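Read the structure below first, then the notes.
Residue numbers (this note's numbering): 16 to 187.
Here's what the structure looks like:
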C-alpha cells in the first residue's frame, strides 16, 4: 500500500502538463521541441538543455540556470502575428532579471519592474495581445501596457541574469 501511494504521489508530481481549455501548450515539459536558439536558429527538438546548459529542463520545468553564464535567448519555432494570449507560471530567484520578447516588445522580469512579484515562489504571468495593444499581467494584476509592432515574431525567453523556472507555458 505504501508503495502504491508513493507511486501515485510521484505520478501526480511529475504529471505531463495539460493546456487549459482553449489553450495549446508551448512547452511539453519533456524537452525543447518547438523551440530554437535565437541567434543561430539552431533547432532544439528533443534536447533537454540548450545554450551550454544555460537553459535546462528538469522534472517538467524549463529553467534558466544562474550558474551557467551567457546572455542567450530561445524562441518558439511558431511565430505569432495576430491576437494571442500567452500564459505561464514562473518562479524567479531574488536576482532574476530575464526577459520576454514578442512582436517587438520586451518585458523584464525583475525586481522593480514587476510590482507584485513573489521571489522563490510560483507566480502567474499573462501576455494578452489584441491588435497592436498588449497587456502584461502578473498574478492577475496589470503591470504594463505596450504597443506591439506589426508583423509576425516568435515568443522569446532571454536568459540575462539570475535564475527562473517556468512551467505550463501555453497560448490561444
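From the three backbone atoms N, C-alpha and C, an ideal C-beta is built for every residue, glycine too.
Since we're looking at a predicted model, the values are computed, not measured.
(message) With a threshold of 7 Å on Cβ separation, who are the neighbours of residue 61 within its own chain once the five nearest residues in sequence on each side are excluded?
(response) Taking the first residue of the chain shown as position 1, residue 61 is located at position 46. So the qualifying residues of the chain are 46 and 48.
(request) Per DSSP, which residues does residue 171 bridge with? Please list them. (result) On the chain shown, position 156 is the one that residue 171 refers to. For residue 171, which the question treats as bridged, DSSP gives the partners 90 and 116.
(request) Give the DSSP-derived three-state secondary structure of residue 32 in the structure shown. (result) Within the chain shown, numbered from 1, the residue matching residue 32 stands at position 17. Note: residue 32 maps to coil in three-state DSSP.
(message) Residues in the same chain with beta-carbon distance under 8 Å from residue 59, minus the five sequence neighbours each way, listed in chain order, please.
(response) Position 44 of the chain shown holds residue 59. Hits under 8 Å: 46, 47, 48, 50, 51, 52, 65 and 89.
(request) Return the CA-CA distance between residue 157 and residue 149, expressed in angstroms with no decimal places. (result) In the chain shown, the residue the question calls residue 157 occupies position 142. In the chain shown, the residue the question calls residue 149 occupies position 134. Approximately 11 Å, taken between the alpha carbons.
(message) By alpha-carbon positions, which one of 35, 134 and 79 ends up nearest to residue 113?
(response) Counting from 1 along the chain shown, the entry for residue 113 is found at position 98. Among 35, 134 and 79, the Cα nearest to that of residue 113 is on 79.
(request) Return the bridge partner residues of residue 41 from the DSSP annotation. (result) Along the chain shown, one-based indexing puts residue 41 at 26. According to DSSP, residue 41 bridges with nothing at all.
(message) Across the segment 175-186 and the segment 69-83, are there enough close Cβ pairs to call them in contact, namely three or more that are closer than 8 Å?
(response) yes
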